[in-house]
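Numbering (the numbering used here), first residue to last: 108 to 339.
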């Protein structure tokens, strides 16, 4: 079992009241929620937890009326169940990956930031890959860098490291003829996939990984996502 969801956070918040959504937060997460200054940050934080709670409720894996998460010393969330999960949010989008195995996912809104020194975050192998993809696709290197960066982030998140490890030491090796397929590591590899999507005239890159090679189709469907609200 492995499921992957990518969707605008507003799909969740349009389906339930903010009061109902806040009621599923633990005291720890409610404090975190209130520390955000901007409503967009609050909404992303809230919608991700509401959807995760609904997913576990639908799978009949939790009985509580609120979402009780544990956090590692480096901040990776987990739950007392036989399921691993990882999530990410950026711009208007949320990404959630649930699996029996360790997993990682990252989504990033693509900004054409010409001042971003992205080459300093890449290995020589990755720099050559960026040049090749830009040349073959006619797209800018910065767009392909976001694909590469989300791959790196998904690996670090799967390992529970976050950005505590220098991303330059996390080298992504893409398949020769498949720019969206890659692996990371030697003895204990993580295998991943990267994709792009467009929503409200904004482009996003997102990547996910696990210890096994898997073919997953991201669920980007409003009806499916909103239907989870019945479990709140």
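Just so it is clear, CB atoms sit at the ideal spot from N, CA and C, and this is done for glycine as well.
Which residue's Cα is closest to the Cα of residue 199: 253, 308, 320, 116? Along the chain shown, one-based indexing puts residue 199 at 92. Of 253, 308, 320, 116, the residue nearest in Cα terms is 116.
With DSSP run on the structure shown, which of helix, strand or coil describes residue 241? Stepping through the chain shown from its first residue, residue 241 is reached at position 134. Per DSSP, reduced to three states, the secondary structure at residue 241 is helical.
Can you tell me which of the three DSSP states residue 213 falls into? Here the question's residue 213 lines up with position 106 in the chain shown. Strand.
For residue 191, write down the residues that DSSP places opposite it in a beta bridge. Here residue 191 refers to the residue found at position 84 of the chain shown. Per DSSP, 206.
State the Cα-Cα distance for the pair residue 152 and residue 141, rounded to the nearest angstrom. Within the chain shown, the letter at position 45 stands for residue 152. Within the chain shown, the letter at position 34 stands for residue 141. Taking the straight line from one Cα to the other gives about 10 Å.
So, under 8 Å CB-CB, residue 237 and residue 252 are touching, yes? Tell me the CB distance rounded to an integer number of Å. Stepping through the chain shown from its first residue, residue 237 is reached at position 130. Stepping through the chain shown from its first residue, residue 252 is reached at position 145. The C-beta distance from residue 237 to residue 252 rounds to 6 Å, short enough to meet the 8 Å contact threshold.
Who are the Cβ neighbours of residue 314 in its own chain at under 6 Å, not counting the five residues just before and after it? Position 207 of the chain shown, counted from the start, is the residue given in the question as residue 314. Hits under 6 Å: 213, 257, 258, 261, 299, 301.
Tell me residue 299's beta-bridge partners as DSSP assigns them. Position 192 of the chain shown, counted from the first residue, corresponds to residue 299. DSSP lists 289, 316 as the beta-bridge partner residues of residue 299.
Using CA coordinates, which residue listed in 254, 135, 139 is at the minimum distance from residue 310? Position 203 of the chain shown, counted from the first residue, corresponds to residue 310. Nearest of 254, 135, 139 to residue 310, Cα basis: 254.
Residue 128 - DSSP class collapsed to helix/strand/coil: Position 21 of the chain shown holds residue 128. Collapsing the DSSP output to three states places residue 128 in a helix.
For the region 109-168, list the beta strand (DSSP E) runs that are entirely contained and at least 3 residues long, ordered along the chain. As far as the region 109-168 is concerned, its whole beta strand (DSSP E) runs of at least 3 residues are 109-115.
Just checking, does the region 129-140 make contact with the region 167-186 on the three C-beta pairs under 8 Å criterion? The region 129-140 and the region 167-186 touch, with no fewer than 3 CB-CB distances between them shorter than 8 Å.
Nearest candidate by alpha-carbon position, reference residue 160, set 217, 192, 330: In the chain shown, residue 160 corresponds to position 53, counting from 1. Checking every option, the nearest Cα to that of residue 160 belongs to 192.
Do you know offhand how far residue 184's Cα is from residue 177's? The residue you call residue 184 lines up with position 77 of the chain shown. The residue you call residue 177 lines up with position 70 of the chain shown. C-alpha separation (whole angstroms): 6 Å.
Bridge-paired residues (DSSP) for residue 184: Here residue 184 corresponds to residue number 77 of the chain shown, with the count starting at 1. BP columns for residue 184 point to 178.
Distance between beta carbons of residue 323 and residue 155, contact taken as under 8 Å: For the purposes of this step, residue 155 is identified with residue 48 of the chain shown, where counting begins at 1. For the purposes of this step, residue 323 is identified with residue 216 of the chain shown, where counting begins at 1. Not quite, the Cβ-Cβ distance comes to about 19 Å (not below 8 Å), so this is no contact.
State the start and end residues of the unbroken alpha helix (DSSP H) segment that holds residue 282. Counting from 1 along the chain shown, the entry for residue 282 is found at position 175. Premise fails: residue 282 lies in the beta strand (DSSP E), 280-282, not in any alpha helix (DSSP H).
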